[in-house]
Amino acid sequence: MQIPYTVEERPDTGLYNAKLGIWLFLASEVMLFGALFSSYVLLRTGDPGFMTIPHEVAEALGLHGEAHRWSDELSVPLAFVNTLVLIFSSVTIVMSWASLRLKEFAKFRLWMGLTILCAFGFMGIKAVEYSAKFSHHLYPETSNFLGIYFTLTGLHGLHVVGGLIVLVYLWGPGSKMWKSQPRRFVNRVETVGLYWHFVDLVWIFLFPTLYLL
Amino acid sequence: MSVLEKPPPEAEEHTGHHHHDPFWRRYIFSQDHKVIGLQYALTAMFFLLFGFFLMILMRWQLAWPGRPIPLIAGLLGEANAPGGIMLPEFYNQLGAMHGTIMVFLGVVPLLVGAFGNYVVPLQIGAPDMAFPKLNMASYWCYLPGGLVMFSSFFVPGGAANSGWTSYPPLSTIATQGQTWWLIGMVLLITSSLLGSVNFIVTIFQLRAKGLTFMKLPFFVHAQLVTSFLLLLAFPPLEAAGIFQLLDRVLNTSFFSPSGLVVAGEVVDKVGGGSPLLWQHLFWFLAHPEVYVLILPAMGIVAEVIANNTRKPLWGYKSMVYASIFLGFMSFIVWAHHMFLTGMGTTISSFFQTTTMIISVPSVVILSALLISLWGGSIRFNTPMLFALAFLPMFGIGGLTGLPLGLAPTDIHLHDTYYVIGHFHYVVAPGTIFAIFAGIYYWFPKITGRKLSEGLGKLHFWPSFIFINGIFGPMFIQGLAGVSRRLWDGGQQYAHAQPVLEWNVFMSMSAFGLLIAQLPFIVNLFWSIRKGQKVDSNPWQATTLEWAAAPSPPIGHGNFHEVPVVHHGPYEYSAPGAPNGYLPQTAPGKEG
Chain A
358 MQIPYTVEER PDTGLYNAKL GIWLFLASEV MLFGALFSSY VLLRTGDPGF MTIPHEVAEA
418 LGLHGEAHRW SDELSVPLAF VNTLVLIFSS VTIVMSWASL RLKEFAKFRL WMGLTILCAF
478 GFMGIKAVEY SAKFSHHLYP ETSNFLGIYF TLTGLHGLHV VGGLIVLVYL WGPGSKMWKS
538 QPRRFVNRVE TVGLYWHFVD LVWIFLFPTL YLL
Chain B
41 MSVLEKPPPE AEEHTGHHHH DPFWRRYIFS QDHKVIGLQY ALTAMFFLLF GFFLMILMRW
101 QLAWPGRPIP LIAGLLGEAN APGGIMLPEF YNQLGAMHGT IMVFLGVVPL LVGAFGNYVV
161 PLQIGAPDMA FPKLNMASYW CYLPGGLVMF SSFFVPGGAA NSGWTSYPPL STIATQGQTW
221 WLIGMVLLIT SSLLGSVNFI VTIFQLRAKG LTFMKLPFFV HAQLVTSFLL LLAFPPLEAA
281 GIFQLLDRVL NTSFFSPSGL VVAGEVVDKV GGGSPLLWQH LFWFLAHPEV YVLILPAMGI
341 VAEVIANNTR KPLWGYKSMV YASIFLGFMS FIVWAHHMFL TGMGTTISSF FQTTTMIISV
401 PSVVILSALL ISLWGGSIRF NTPMLFALAF LPMFGIGGLT GLPLGLAPTD IHLHDTYYVI
461 GHFHYVVAPG TIFAIFAGIY YWFPKITGRK LSEGLGKLHF WPSFIFINGI FGPMFIQGLA
521 GVSRRLWDGG QQYAHAQPVL EWNVFMSMSA FGLLIAQLPF IVNLFWSIRK GQKVDSNPWQ
581 ATTLEWAAAP SPPIGHGNFH EVPVVHHGPY EYSAPGAPNG YLPQTAPGKE G
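Chains as they are written, first to last, in the working numbering: chain A, 358 to 570; chain B, 41 to 631.
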């Protein structure tokens, strides 16, 4: 006996198994990032000096004059470009799924390829940001703000890398399934698309909370 | 699937040609829910026994502090027990690891990983879990998690020793074992995440034709709510675990306050962190975890009681709604573990109110089970004895929790043996008795043979007496104010002297409980080979798992034909029914 509803929808729930599965997984991810963001709020409100760069550290960084904030050390232009890159990748992944629905495999390849490039671009910009911090001797242990910054962006980065591996698989060797089981392949692209939107959404919250507030 | 599409190549492996599979595919990296259920069962029972041994060592120390441990002193190592006399540091390791192992490696994997995996797909008439590969991955995250925890006893400084709650800043400055504890927890959380997604999808998507939600056995409802709790409550602990790991490995200060002094020296950290934050994140999981421990146990008890009273569960619908309400409320009671932290009276008032509210659905479920006994012609077999014992034991556990849920009384009772007595009544003679009920009840389905009733009763009665001998006196000691953390059982404290004599009584009971498990272990091995052979439905039960063959064949597909459900889960004593009961698959009026 075969497991039912692996490909087609169950009539009364209107979902195939993997789609319900990914929604539940994303619910748990919401709780994970919800806890991380809440911790950020509690640590920041619990410590009056959370955002302030101590005087001697500021001197070492070459900052003079008035009190400086840790968030000023982050690069808003780079993060803004990264935000655009991720939003654009959310569009391209929808286009790749839509192309498959229209049975245009070549276009799927193109849009999925663009999504993968965006993901690499995001990670590249992230690497530039990280190395700039390290070159100024700013590490997670330097302050709780930087600790939160590295933890949140680091975990988000791991999610991007995880998604990237699946995207590359579906673009390359995994796309053979289009020939044997087209519907199941479309489902896979849809499922990873939902995950990709979530990763995008987390960044859209991360950007203002860490860089702007 | 549309007719135009070719069947997937995997289809072949789902059609039952599993006898060609090599041994390691069939029994080790198996994707069959029944084999995975048994893997979970055997591993978790090993850990349950191991956690029990840790407790036996502690009980020796509490009754006779400073006396060499007999027989096994040599195994403990000079670093832990020089000359067989236990060091306080080692006692702390035993305490932390007993709690961790019993909860995360013993009871939950048994209830959810073992019973859930084996029974839920059968009870909903499904060929397997929705994601067999994820199911396998879930076990293979659980086992390494367990092994990491187990091997942490052998790292320098020994295992984690900051309590099963791992409160910082103590846990941040603790020995290396704490890092292993955190890595083990991350693996266990991953395992639980994979499992809970799988259970929810399976229950929503793979129910047999005609099996609507209000026809599901209560056990399935309990597993469904439990899975939602695991899915949503564990991630915050994962976040907390990541923070604590970074505090320990990368020297961050998330949980380290400014100016922390250890052994006369200021700790080299920037500070500014919040130890209280860990407690919030920890209890956000650990309170729902209490319901993860109790809901499936209630599910097992409901199945056994309905079957052995030969009548429908009283208030089935109320029980279902109560369990959903319980699941929802369990997310907003966590801070009642923290009344003494100075978080403020407003927050305390909120959490003591929600705590009083959450006792209502528990009482609804327990009352429904109790009233279900009314007027039944009860069969007193071993599963039923354990299920019946569950009711008063869980009742004591629940009622003694009320003074802990109210801030004024909790301030006196917090961190005393009263707390230990309270939650052990819920989990040990409560949940673990339900687990035994489940083992005796479903053993014939798994093996095709019954466990011996004689040995079963020899297991039940002494266990029932001794377990009360351990936990009952804890209330007396706790009310006298004896702290739960004392490695000498209170010998050095004046206020503990009048209740000190109970230590020996409790420890003797614990050793008695250990001996009382021998008939059970003998029974398991003896009955697999020599037990009474039974047909597919030895208990004359109604639910779907009894429609499958005894010891259902391994490989996807549990039933000879896809079951179609016509009846509710507990149509016992149905008028005009052939043997006095209607199986869910019996032909009926509706389709």
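Where is the CB? At the ideal position from N, CA and C, for every residue including glycine.
Values in this document were obtained by computation on a predicted structure and should not be read as measured data.
Item: What does Ile76(B) touch in chain A if you count any residue whose Cβ is under 8 Å from its own?; Value: Per Cβ cutoff of 8 Å: no residues; Ile76(B) is ~15 Å from chain A at best.
Item: Count the other CB atoms within 10 Å of the CB of Arg545(A); is the residue buried (16 or more) or exposed (fewer)?; Value: buried
Item: Using a Cβ cut-off of 9 Å, which residues of the stretch 169-199 of chain B contact any Cβ in chain A, in chain order?; Value: Met169, Ala170, Phe171, Pro172 and Leu174
Item: Output, in chain order, the set of chain B residues within a Cβ distance shorter than 8 Å of Ser552(A).; Value: In the sequence as presented, Ser is not what sits at residue 552(A); that position holds Tyr. Residues of chain B passing the Cβ test: none, with the nearest at roughly 13 Å.
Item: Enumerate in chain order the residues of its own chain whose CB-to-CB distance from Thr230(B) is below 6 Å, with the five nearest sequence positions on each side excluded.; Value: Cys181
Item: Looking at Val241(B): is its Cβ nearer than 7 Å to the Cβ of Leu383(A)?; Value: no
Item: Mind listing the chain B neighbours of Gly403(A)? Cutoff is C-beta to C-beta under 9 Å, in chain order.; Value: Gly312, Gly313, Ser314, Leu316 and Leu317
Item: Do the CB positions of Glu585(B) and Val159(B) come within less than 7 Å of each other?; Value: yes
Item: Taking Glu343(B) and Pro257(B) to be in contact with their CB atoms under 8 Å, please state how far apart those CB atoms are, rounded to whole angstroms.; Value: 6 Å
Item: Check whether the stretch 468-482 of chain B and the stretch 421-431 of chain B are in contact - that is, three or more C-beta pairs closer than 8 Å.; Value: yes
Item: Report all residues from its chain with a CB closer than 8 Å to the CB of Leu431(A); omit the five preceding and five following residues, and keep chain order.; Value: Glu486, Tyr506, Leu567 and Tyr568
Item: Just the C-alpha distance for Lys533(A) and Leu467(A), rounded to the nearest angstrom, thanks.; Value: 16 Å
Item: Residues of chain A with CB under 8 Å from Phe283(B), in chain order?; Value: Ser396 and Thr508
Item: Would you mind telling me which residues of chain B sit closer than 7 Å to Pro497(A), beta carbon to beta carbon, in chain order?; Value: Leu286, Leu290 and Thr292
Item: Could you name the residues of the stretch 250-279 of chain B whose beta carbon sits closer than 7 Å to any beta carbon of chain A, in the order they occur along the chain?; Value: Leu271, Leu272, Pro275, Pro276, Glu278 and Ala279
Item: Please confirm whether Ser492(A) has its beta-carbon closer than 7 Å to some beta-carbon of chain B.; Value: no
Item: For the pair the stretch 298-310 of chain B and the stretch 243-255 of chain B, tell me if three or more CB-CB distances fall below 8 Å.; Value: no
Item: Starting from Phe465(A), follow the alpha helix (DSSP H) in both directions and report where the run begins and ends.; Value: Phe462 to Ser492
Item: Please list the partners that Leu377(A) has in chain B, where partner means a Cβ-to-Cβ separation under 7 Å.; Value: Val241, Phe244 and Gln245
Item: So the candidates are Gln101(B), Asn291(B), Glu329(B) and Ser412(B); which of them puts its Cα closest to the Cα of Val152(B)?; Value: Glu329(B)
Item: Name the two residues that bound the continuous alpha helix (DSSP H) containing Asn501(A).; Value: Asn501 to Trp528
Item: Which ranges does the alpha helix (DSSP H) cover as unbroken runs of at least 4 residues, wholly within the stretch 388-464 of chain A, from first to last along the chain?; Value: 412-417 and 433-458
Item: Going by C-alpha distance, which of Pro352(B), Gln218(B), Tyr457(B) and Gln572(B) is nearest Gly197(B)?; Value: Gln218(B)
Item: Specify the secondary structure class of Glu278(B) as computed by DSSP and reduced to three states.; Value: helix
Item: Find out if the Cβ-Cβ distance for the pair Asn175(B), Asn238(B) is shorter than 7 Å.; Value: yes
Item: Pick helix, strand or coil for Val302(B), following the three-state DSSP scheme.; Value: strand
Item: Rank Pro615(B), Leu285(B), Leu264(B) and Leu321(B) by C-alpha distance to the C-alpha of Leu381(A) and give the top, closest one.; Value: Leu264(B)
Item: Give the residues of chain A in contact with Leu233(B), contact being defined as C-beta atoms less than 9 Å apart.; Value: Phe382 and Ser385
Item: Could you have a look at Tyr457(B) and say whether DSSP puts it in helix, strand or coil?; Value: helix
Item: Can you tell me where the alpha helix (DSSP H) holding Asp557(A) begins and where it ends?; Value: Pro539 to Leu563
Item: Can Ser576(B) and Pro590(B) be called in contact, C-beta distance under 7 Å?; Value: yes
Item: Quick check on Trp323(B): buried or exposed, where buried means 16 or more other Cβ atoms within 10 Å of its Cβ?; Value: buried
Item: Going by beta carbon distance, what residues of the same chain come within less than 8 Å of Thr449(B), once the five residues before and after it are set aside?; Value: Pro443
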